[in-house]
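Engineer: Here the protein sequences come in this chain order: V and A. All residue numbers for the first sequence refer to the working numbering, where the first residue is 265 and numbers rise by one. All residue numbers for the second sequence refer to the working numbering, where the first residue is 265 and numbers rise by one. All C-beta atoms in this analysis are idealised placements derived from N, C-alpha and C, irrespective of residue type, glycine included. Nothing here was measured: the structure is a model prediction, and the numbers come from that model. One structure follows; several queries about it will come next.
Number of protein chains: 2
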Amino acid sequence: MSTTTDAARPASLSIGALAGRSGCKRQTIRWYEEIGMLPEAARTEGGHRVYGPQHLARLEFIRHARGLGFPLDDIRTLLDLSGQPGRSCDEVHEIGARLLDAVDARMRRLAAVREELHRIVASCTTGGPAASCRILDALADHHHDGCAAQSDTGAVG
Amino acid sequence: MSTTTDAARPASLSIGALAGRSGCKRQTIRWYEEIGMLPEAARTEGGHRVYGPQHLARLEFIRHARGLGFPLDDIRTLLDLSGQPGRSCDEVHEIGARLLDAVDARMRRLAAVREELHRIVASCTTGGPAASCRILDALADHHHDGCAAQSDTGAVG
DNA sequence: CATGGGGGCTACAGCGACTGTAGGTTCAAG
DNA sequence: CTTGAACCTACAGTCGCTGTAGCCCCCATG
């Protein structure tokens with residue numbers, strides 16, 4: 265184990281190195297700093313940001329939580345809570361449970377959409393003229409909806 | 265069946281009436297017009313928009329397709345294609361199939377996220393101090409990821 | 001005919017969570 | 001010392017809306 269320049273856990277990182285290790289883009293890191301998700305980085309004399317291992321850990325936490333669908337506000341709360349270890353973890357649990365409910369709801373909705381979409385796409389025999397296209401029929405026909413038009417599937421295409 | 269003022273399919277609609285019938289908000293309708301998803305409405309002398317049944321049909325098409333997760337650009341294409349019925353429906357089919365793929369991918373990812381989230385939340389016994397909270401442990405620990413951090417779960421909470 | 005209020009109008013800012021660009025500066029390797 | 005990659009700031013754009021401010025129109029009632 266070396267002292268100052270450990271390749272695995274270096275004591276100081278440029279924004280590019282931090283980006284490489286965390287999987288975030290440089291812009292995203294700067295933006296996280298701007299909105300207060302990351303503490304302000306130290307600077308070199310020339311103004312370049314300098315990060316330490318604690319920034320990497322925090323960024324990994326954020327990224328992992330983001331990957332699970334937590335909104336940044338919740339992540340901020342989680343980070344605050346983990347910073348004051350005396351507090352009850354009820355709030356943490358509640359955030360997780362709330363997100364789990366939201367994920368479940370989203371999955372149900374997505375499943376319904378998938379079914380309709382599958383039915384619509386399967387009903388269309390390719391090659392015909394658009395005039396007789398059942399996909400267009402199905403989209404134009406709002407009557408046997410089943411699931412339509414509450415939004416919140418998320419942008420997908 | 266009356267002639268000019270059929271309650272079910274009126275010959276002309278204010279933006280509010282169109283909003284009520286289509287389920288879109290007035291702002292959304294104006295915005296759709298602004299970005300060319302809807303043709304410009306006729307106006308009264310005082311400048312109020314006046315819509316006909318064709319606007320309602322188009323808006324219903326848009327709303328249904330949006331409900332299925334189609335992005336507006338795809339919907340525009342679909343609407344263009346349905347306006348030129350001679351063209352092959354291959355392109356329509358391709359858009360639908362592409363969306364179906366995206367929905368499938370999103371469902372798989374969401375299922376993986378749900379599992380991890382469930383595991384994390386279930387591992388946490390409420391009531392303890394945040395210092396020993398397994399949710400925070402799990403989020404801080406990026407090593408047994410399984411699914412993490414590729415984005416695209418969609419904002420959920 | 002006046003008035004009140006509900007709906008309409010435009011224009012623009014904001015959301016979430018970034019991404020991309022332009023134009024300039026710094027750093028480190030050769 | 002030179003070069004060019006990496007960095008800096010600031011700001012616009014993405015997607016699909018939503019909300020606000022401040023004014024105007026239209027119709028029904030008195």
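1) Taking CB distances under 9 Å as the criterion, tell me whether residue 349 (chain A) reaches chain V.
2) Does the beta carbon of residue 316 (chain V) sit closer than 9 Å to a beta carbon anywhere in chain A?
3) Could you check if residue 405 (chain V) is buried or exposed, using at least 16 other CB atoms within 10 Å of its CB as the buried criterion?
4) May I ask you to report which of helix, strand or coil DSSP gives residue 361 (chain V)?
5) Looking at the secondary structure, which residues open and close the alpha helix (DSSP H) in which residue 326 (chain A) lies?
6) By how many angstroms is the C-alpha of residue 397 (chain V) removed from the C-alpha of residue 349 (chain A)?
7) Should the region 325 to 340 of chain V be called in touch with the region 362 to 381 of chain V, which here means at least 3 C-beta pairs below 8 Å?
8) State yes or no: is the beta carbon of residue 311 (chain A) nearer than 9 Å to at least one beta carbon in chain V?
9) Tell me whether residue 352 (chain V) sits in a helix, a strand or coil according to DSSP, three-state version.
10) For residue 383 (chain V), which option in V:325, V:400, V:318 has the closest C-alpha, if you only look at C-alpha atoms?
11) What's the C-alpha gap between residue 277 (chain V) and residue 298 (chain A)?
12) Taking CB distances under 9 Å as the criterion, tell me whether residue 278 (chain A) reaches chain V.
13) Answer with yes or no whether the minimum CB distance from residue 371 (chain V) to chain A is below 9 Å.
Structural biologist: On the basis of the supplied data:
1) yes
2) no
3) exposed
4) helix
5) 317 to 331
6) 9 Å
7) yes
8) no
9) strand
10) V:400
11) 46 Å
12) no
13) yes
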